[in-house]
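Position 1 (the sequence shown) corresponds to 201 in the working numbering; numbering is contiguous. Ideal Cβ placement from N, Cα and C applies to all residues, glycine included.
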Amino acid sequence: MATKYHILVEKDEDGWFVGTVRELPGCITQGKTEKQVLERMEEAILGYLETRDRAVPPTHFVILEPVKA
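Okay, here's the thing in structure tokens:
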């Protein structure tokens with residue numbers, strides 16, 4: 201069964217259509233028409249899922265304060 205995603209398409213102040221996927225933070229694309237943004241959305245979702253599966257675990261930084269004697 202195929203996974204379904206909720207795509208939000210909005211028109212920005214420059215007249216471009218911007219598509220985002222609610223379930224995939226950072227998955228975004230744009231197009232000059234609604235049709236174009238929806239066509240590009242499939243590519244954006246596939247690319248997102250490919251890179252997510254190969255993602256490097258987040259790096260954690262530890263800051264040590266000097267000990268005062």
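Checklist entry - What's the C-alpha gap between His206 and Arg240? => result 15 Å
Item to check | DSSP-derived helix/strand/coil call for Glu210 | outcome: strand
Next on the checklist: Would Gln230 and Val218 qualify as a contact pair, given that the criterion is a beta-carbon distance under 8 Å?
Outcome noted: yes
Next on the checklist: Let me check understanding here. Comparing Cα to Cα, which of Gly226, Trp216 and Lys268 lies closest to Glu234?
Outcome noted: Trp216
Next on the checklist: Tell me the residue span of the beta strand (DSSP E) that contains Thr220.
Outcome noted: Phe217 to Val221
Checklist entry - When the Cα of Cys227 is compared with those of Gln236, Val237, Ala244 and Asp214, which residue comes out closest? => result Ala244
Item to check | Per-residue DSSP class, three states only, for Thr251 | outcome: helix
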